[in-house]
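Only one structure is covered here, and it is reproduced in the block below.
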Amino acid sequence: MSLTPEQKTLGRRNFLKALIGTPALAALGTTAALKGPLSGGPVKAAMIGTGDQGRLLLGQCRKEFIDLKALCDINPKRLERAVDGLTKLGWPKPRLYENWKDLLNKEDVEAVLIAVPLWMHSEIAVGCLDAGKHVLCEKMMAWDIAGCQRMLAAAHKNGRVLEIGYQRFYNPIYQAAHDNIIAPGMLGDIYFARLVWHRNGSWRRTEDPPPPPYDPKPWGYPDWEHLLNWRMYRQYSGGLMAELGSHQVSVVNWFFDSHPSSAYATGGIYRYKDGREVNDHVYATYTYPQGRTAIFTSVQSNKFDHYSEEFMGTKGTLILRGETEAFLFNEEDSKSTTIEVTKQSSNPVIDASESRAADAAGRTIAGDRTDKLDRLASYGLEIAGFCSAVRARTPLRCGPERALKSATACILANESASNKIAVPIPS
Amino acid sequence: MHPFGSKTSQRAQPVALIVLRTLIGWHFLYEGYYKLILPAWTRDGHPLARWSSAVFFKAASGPIAGLFHRLATAGWTPWIDRALETGLVLIGLSLMLGILTQIGCWGALVFLTLVYLAAIPVQGAPQAGSEGVSLLVNKNLIEWAAVLVLLTFRTGEIAGLDLLLQRRRKTVAEAV
Chain A
3 MSLTPEQKTL
13 GRRNFLKALI
23 GTPALAALGT
33 TAALKGPLSG
43 GPVKAAMIGT
53 GDQGRLLLGQ
63 CRKEFIDLKA
73 LCDINPKRLE
83 RAVDGLTKLG
93 WPKPRLYENW
103 KDLLNKEDVE
113 AVLIAVPLWM
123 HSEIAVGCLD
133 AGKHVLCEKM
143 MAWDIAGCQR
153 MLAAAHKNGR
163 VLEIGYQRFY
173 NPIYQAAHDN
183 IIAPGMLGDI
193 YFARLVWHRN
203 GSWRRTEDPP
213 PPPYDPKPWG
223 YPDWEHLLNW
233 RMYRQYSGGL
243 MAELGSHQVS
253 VVNWFFDSHP
263 SSAYATGGIY
273 RYKDGREVND
283 HVYATYTYPQ
293 GRTAIFTSVQ
303 SNKFDHYSEE
313 FMGTKGTLIL
323 RGETEAFLFN
333 EEDSKSTTIE
343 VTKQSSNPVI
353 DASESRAADA
363 AGRTIAGDRT
373 DKLDRLASYG
383 LEIAGFCSAV
393 RARTPLRCGP
403 ERALKSATAC
413 ILANESASNK
423 IAVPIPS
Chain B
883 MHPFGSKTSQ
893 RAQPVALIVL
903 RTLIGWHFLY
913 EGYYKLILPA
923 WTRDGHPLAR
933 WSSAVFFKAA
943 SGPIAGLFHR
953 LATAGWTPWI
963 DRALETGLVL
973 IGLSLMLGIL
983 TQIGCWGALV
993 FLTLVYLAAI
1003 PVQGAPQAGS
1013 EGVSLLVNKN
1023 LIEWAAVLVL
1033 LTFRTGEIAG
1043 LDLLLQRRRK
1053 TVAEAV
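Chains as they are written, first to last, in my numbering: chain A, 3 to 429; chain B, 883 to 1058.
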């Protein structure tokens, strides 16, 4: 249909007049400024590394947050075990891969959970980030500082979420302790933190290898023992400092809102002379700014002490034990207080109540009254928080910058123990 | 005095009708849009599950609850879901933009009738998850009556794309 110029003008005018008669345009314009929900379902993800830690994470995945599409592991037995576990939990059978590069090439996933031996963190995480995937990588961030820095740079370069698996940052007890006790200064001036992770065992695992012709050599392990017990060998592991200490050092960094300026560590292979290369006893002293010190000890010859982080201030002491309990001791009257984390709102709320004082052995029965949290639930919250960051860009609770600092502290503590010298930690 | 009030109120009447139509249209449009984009996430990072009419039908309690319950279990849920979601959006667009307004009004009436019949407030007491207290008359029924007003006043002839199309047809007819 051809319209005369007059008709066109009239038509445009009528159109505008008709629409001006309704607030529809204004309403539609307003919607652009309103904040509605963000489209998108659960984050489509894959997992690389289905050993003990990987399976632990898989068990904590919630379907409303994450959609597990594929699994990858160089050990077919572990892969099979992971699939069994997932299907028992009602997940559809994921696609399986032996090589993580094949997974990246073939799978249309948005995110990857990485739970492989420490020495491979950097290579796989950077590969995933460069492929445009968001990454949740198990702690410690990487085997060396350069690897951590490559991961951080890859996350920034590709604009992807990178979270490191320090589940304490997602634990409601730790959040409550930080927000309601540490940050308001309830402990007064804190000069000392004691970090304890003692166990009485070899840390060695025993398991039959997959049936022949399985060969771990193509994956960088000379034999089955090196793959199974990779934590014992320096080429793959950072030992107790990386596997245990990094959790606790990251908490101290968080609570002190700082990071250590130097580390001095000692230790050795004193009990288990079984061919391992990493120390079975580790004692590390960290110096923080403002006269603060944190001491981490990890022994494999005694488990009397449950693992804990203790913050000692001029007005009180906070003890976080086993990731499930928290105790607050008032310095003045030596009364202990349990911290009960309630689920009254979306944010953890603490409800402090006075209870019996610590007994002569330094223990308290207050723990019996504490609402113990499920330790594993923190892993679920960590995965949920990661997925929220992917979808809604909510802030990460730990994040790669913090993880880099705690990893640096742990790597340099190992260097200190090896060289028997105090090592300055760069900021 | 004019039977429909002063000149000012006469001028305000069509505006009021269009405001009413636009608001009801937005209500339908957003309801449909929201259901269509699910599953989604809140801005603070909480997942919102996919919507399903089966939940609504299963909870029906009115005089035709049996029919709704059968619908919930008939295996047509995905088709019903998509039809309802799309229908809500189309009704919303129709009322907001004033296009095919009468059809949009009929659609809105049918939809609101279903919603009302599925949960007629006969208890006269507060219900979990609902605001205020109703006995027989609830907000769905009031919105139904408001749409009835829009239908009978033929608001598409006051403002909107229907009016534009009508004028264009008239102009073309005159030109021929």
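Every residue gets a Cβ at the ideal spot worked out from N, C-alpha and C, and that includes glycine. The model shown is predicted, which means the values in this text are computed figures rather than measured ones.
Practice problem: Alpha carbon to alpha carbon, how far is alanine 1041 of chain B from glutamine 892 of chain B? Give it in angstroms, no decimals. | Solution: Counting only the Cα atoms, alanine 1041 of chain B lies some 15 Å from glutamine 892 of chain B.
Exercise. Give the interface partners of glycine 42 of chain A over in chain B, defined as CB-CB distance under 8 Å, in chain order.
Key: Result: Pro921, Ala922, Trp923.
Exercise. Take the Cβ of arginine 294 of chain A as the centre, count every other Cβ of all protein chains shown within 10 Å, and call the residue buried at 16 or more, exposed below.
Key: Buried, because 16 or more other Cβ atoms sit within 10 Å of the Cβ of arginine 294 of chain A.
Practice problem: For serine 310 of chain A, write down the residues that DSSP places opposite it in a beta bridge. | Solution: Partner(s): A:Val198, A:Arg323.
Quiz item: Can you tell me whether alanine 894 of chain B is buried or exposed, with buried defined as 16 or more other CB within 10 angstroms of its CB?
Solution: Counting every other CB atom within 10 Å of its CB across the protein chains shown gives alanine 894 of chain B a total below 16, marking it as exposed.
Quiz item: By the 10 Å Cβ neighbour count, where 16 or more other Cβ atoms means buried, how is threonine 1 of chain A classified, buried or exposed?
Solution: For residue 1 of chain A there is no data in the structure shown, the boundaries of chain A being 3 and 429.
Quiz item: Would you report the Cα separation of leucine 73 of chain A and histidine 928 of chain B, rounded to the nearest angstrom?
Solution: C-alpha separation (whole angstroms): 25 Å.
Quiz item: Does the segment 108 to 118 of chain A come within contact of the segment 137 to 153 of chain A, defined as at least 3 CB pairs closer than 8 Å?
Solution: Yes, since at least three Cβ pairs between the segment 108 to 118 of chain A and the segment 137 to 153 of chain A fall closer than 8 Å, the two stretches touch.
Quiz item: Listing by chain order, which chain B residues have their CB less than 7 Å from the CB of phenylalanine 67 of chain A?
Solution: Pro929, listed in chain order.
Exercise. Please work out which residues of its chain come closer than 6 Å, Cβ to Cβ, to leucine 1047 of chain B, disregarding the five sequence neighbours upstream and downstream, and give them in chain order.
Key: Residues of the same chain with their beta carbon placed closer than 6 Å to that of leucine 1047 of chain B are lacking, with the five preceding and five following residues left out of the count.
Quiz item: Is the distance from the Cβ of tyrosine 168 of chain A to the Cβ of alanine 405 of chain A below 8 Å?
Solution: In this structure, tyrosine 168 of chain A places its C-beta atom within 8 Å of the C-beta atom of alanine 405 of chain A.
Quiz item: Closest by CA to cysteine 63 of chain A, which one among A:Phe388, A:Ile271, A:Thr396, A:Ser260?
Solution: The option with the nearest alpha carbon to cysteine 63 of chain A is A:Phe388.
Quiz item: Could you check where the alpha helix (DSSP H) with histidine 180 of chain A kicks off and where it finishes?
Solution: Unbroken run through histidine 180 of chain A: none, as it is neither H nor E.
Quiz item: Sorted by chain position, which residues of the same chain lie with C-beta nearer than 7 Å to leucine 899 of chain B's C-beta, five sequence neighbours on each side aside?
Solution: Same-chain partners within the cutoff: Leu1032, Phe1035, Thr1037, Ile1040.
Quiz prompt | Amino acids of chain B, ordered along the chain, whose beta-carbon sits closer than 9 Å to that of alanine 394 of chain A | solution = Counting only Cβ-Cβ distances below 9 Å, alanine 394 of chain A has contacts in chain B at Trp923, Thr924, Arg925, Asp926, Gly927, His928, in chain order.
Quiz item: What does a CB cutoff of less than 6 Å around alanine 415 of chain A pick up in its chain, not counting 5 residues either side in sequence?
Solution: Excluding residues within five positions, the ones whose Cβ falls inside 6 Å are Met243, Ala265, Ala267, Ala286.
Practice problem: Name, in chain order, the residues that DSSP records as bridge partners for asparagine 332 of chain A. | Solution: Asparagine 332 of chain A is bridged to A:Gly318.
Practice problem: Could you tell me the distance, in whole angstroms, from the CA atom of leucine 970 of chain B to the CA atom of valine 198 of chain A? | Solution: Rounded to the nearest angstrom, the two C-alpha atoms are 60 Å apart.
Self-check item: Cβ of leucine 390 of chain A within 8 Å of any chain B Cβ
Solution: Note that residue 390 of chain A corresponds to serine in the displayed sequence, not to leucine. Yes, serine 390 of chain A counts as interfacial toward chain B.
Practice problem: From the DSSP output, read off the bridge partner residues of histidine 951 of chain B. | Solution: DSSP lists no partner for histidine 951 of chain B.
Exercise. Might you give, ordered along the chain, the residues of its own chain that have their beta carbon closer than 7 Å to the beta carbon of leucine 1023 of chain B, omitting 5 neighbours on each side?
Key: Answer for leucine 1023 of chain B: Tyr998, listed in chain order.
Exercise. Starting from the beta carbon of lysine 46 of chain A, find every residue of chain B whose beta carbon is closer than 7 Å, and list them in chain order.
Key: Going along chain B, no residue has its Cβ under 7 Å from lysine 46 of chain A, so there is no contact; the nearest lies around 12 Å.
Self-check item: Contact set between the segment 138 to 151 of chain A and chain B, restricted to residues whose Cβ is under 8 Å from the partner
Solution: Residues passing the 8 Å Cβ filter: none.
Self-check item: Distance, leucine 977 of chain B Cα to tyrosine 912 of chain B Cα
Solution: So the two alpha carbons sit approximately 12 Å from each other.
Exercise. Return the CA-CA distance between threonine 983 of chain B and leucine 40 of chain A, expressed in angstroms with no decimal places.
Key: Roughly 30 Å between the two C-alpha positions.
Self-check item: Sheet register partners of serine 264 of chain A (DSSP bridge)
Solution: The partner list for serine 264 of chain A (beta bridge, DSSP) reads A:Thr289, A:Pro426.
Self-check item: CA-to-CA distance, glutamate 311 of chain A to tyrosine 193 of chain A, given in whole angstroms
Solution: Those two C-alpha atoms are separated by around 14 Å.
Quiz item: Going along chain B in order, which residues have a C-beta closer than 9 Å to the C-beta of proline 39 of chain A?
Solution: Residues of chain B with a Cβ closer than 9 Å to the Cβ of proline 39 of chain A are, in chain order, Tyr916, Ile919, Leu920, Ala922, Trp923, Thr924, Arg925, Leu930.
Quiz prompt | Buried versus exposed, by CB contacts within 10 Å (16 or more), glycine 270 of chain A | solution = Result: exposed.
Quiz item: Apart from the five residues just before and just after tyrosine 272 of chain A, which ones in its own chain have a Cβ nearer than 7 Å to its Cβ?
Solution: The residues are Asp282, His283.
Self-check item: Own chain, CB closer than 8 Å to arginine 393 of chain A, minus 5 neighbours either side, in chain order
Solution: Exclusion of the five residues before and after arginine 393 of chain A leaves Leu40, Gly42, Val45 as the residues of its chain whose Cβ lies within less than 8 Å of its Cβ.
Exercise. Report, in whole angstroms, the separation of the C-beta atoms of leucine 991 of chain B and tryptophan 1026 of chain B, which I expect to be a contact under 8 Å.
Key: Contact holds; Cβ gap of about 6 Å.
Practice problem: Closer than 8 Å by C-beta to arginine 904 of chain B: which residues in its own chain qualify, once you throw out the five before and the five after it? Chain order, please. | Solution: Residue 904 of chain B is actually threonine in this sequence, not arginine. Counting only residues of its own chain and dropping the five nearest sequence neighbours on each side, threonine 904 of chain B has a CB closer than 8 Å to the CB of Leu977, Met978.
Quiz item: Are the beta-carbon atoms belonging to isoleucine 76 of chain A and alanine 47 of chain A less than 8 Å from one another?
Solution: Not a contact, by the Cβ cut-off of 8 Å.
Quiz item: Relative to the C-alpha of tryptophan 145 of chain A, which residue among A:Gly222, A:Ala391, A:Ser124 is closest?
Solution: Looking only at A:Gly222, A:Ala391, A:Ser124, the smallest Cα-Cα distance to tryptophan 145 of chain A is reached by A:Ser124.
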